[in-house]
Every structure is written in structure tokens, then in C-alpha cells.
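J.: Dropping the structure in here first, questions after.
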Amino acid sequence: MTSPDDSSGGPSSSPSDGSVNGSSARVLGPVVDDQTRCVHYAGPTDVIAIRFHCCGEFYPCFRCHADTADHSLSVWPRAEFDTHAILCGACKTTLSITDYQATDACPGCGAGFNPGCELHYPLYFES
Ligand SMILES: [Zn+2]
Ligand SMILES: [Zn+2]
Ligand SMILES: [Zn+2]
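So my numbering is basically just the index in the sequence shown, starting at one, shifted up by 1314.
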């Protein structure tokens, strides 16, 4: 009755999540839902995560980075503002820093971005 030849379901088959952006971005830190809200900022418009210049990892906010990373953050220099460092947690679209600063909603899904984040730009981006 045993079937030693278990040839079904290879463990490492290609993922089929339909993502076309090639962005399998993982978001670090104390994230509380699948739209990158965190324990610090969990309002309805807190749907983005930011890739940090210092380590290249996505965190929902600078406080997540401070809590989780073992180094202090560095800000994006203006010369690199075309880097896609913003991740919309709602649809996983990425935006460049320039595009993010010029809009208040996600171009991919229309989710509104928290206007209060603007106060924190100097924490992430050279000003
Ligand atoms: Zn870092
Ligand atoms: Zn946070
Ligand atoms: Zn979106």
C-alpha cells in the first residue's frame, strides 16, 4: 500500500503569483497587515513601504527601521531619486522617489497616500 516513489509536487516549482513587476519585495519590520501597515502607522492611508538607502530593504516607516535594523539609516541623495524606492502595499506597484513626491495617490491602484508622510521626507530623502 505504500508508494515510495513520491514524484508529485516538486518543492521548488516556479511561483505563479502572477506578478509581472518582478518585484517580490519583502517588507521587514513589525508589519501588521499585508498592505505594509505597521505598529507605528496603521491608518487607512498608510499603505506604502520605503526602501532604505542604507540597506536596500523595504520597511513601512523609519521607526520600523530603527527598531529592526542594526544600523542607522541614510537618506536617498537627490541624484538617486529615480530609484523605485516606494512600494504601494495595496497593489505592490513601485514608484520612484520623484514620482512619489509628485503625487498623493498610487498610480497603480488609486490608493491615497498619507499626506502626513510629507513631514517625514527629510528622514528618507535628501532635502
Ligand atoms: Zn537600513
Ligand atoms: Zn513602523
Ligand atoms: Zn497601489
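Every residue gets a Cβ at the ideal spot worked out from N, C-alpha and C, and that includes glycine.
Please classify P1340: does DSSP put it in a helix, a strand, or coil?
T.: Stepping through the sequence shown from its first residue, residue 1340 is reached at position 26. Going by the sequence as given, residue 1340 is Arg instead of Pro. If DSSP states are grouped into helix, strand and coil, R1340 belongs with coil.
J.: If you run the structure through DSSP and keep just helix, strand and coil, what is R1377?
T.: Along the sequence shown, read from residue 1 onward, the residue named residue 1377 stands at position 63. The answer is helix: DSSP assigns R1377 an H, G or I state.
J.: Look at the alpha carbon of G1336 and the alpha carbon of P1421, and state the distance between them as a whole number of angstroms.
T.: Locating residue 1336 in the sequence shown gives position 22, where the first residue counts as 1. Locating residue 1421 in the sequence shown gives position 107, where the first residue counts as 1. Because the pLDDT at G1336 is just 46, under 50, the model does not fix this residue reliably, and the value given afterwards should be weighed accordingly. For G1336 and P1421, the distance between alpha carbons rounds to 18 Å.
J.: Is C1423 closer than 8 Å to C1402 when the C-beta atoms are compared?
T.: For the purposes of this step, residue 1402 is identified with residue 88 of the sequence shown, where counting begins at 1. For the purposes of this step, residue 1423 is identified with residue 109 of the sequence shown, where counting begins at 1. In this structure, C1423 lies closer than 8 Å to C1402 by Cβ.
J.: List, from N- to C-terminal side, the alpha helix (DSSP H) runs of 4 residues or more that fit wholly inside the segment 1381-1441.
T.: 1411-1415 and 1435-1438, all fully within the segment 1381-1441.
J.: Identify whether V1345 lies in helix, strand or coil by the three-state DSSP scheme.
T.: The sequence position of residue 1345 within the sequence shown is 31, counting from 1. V1345 falls in the strand class under three-state DSSP.
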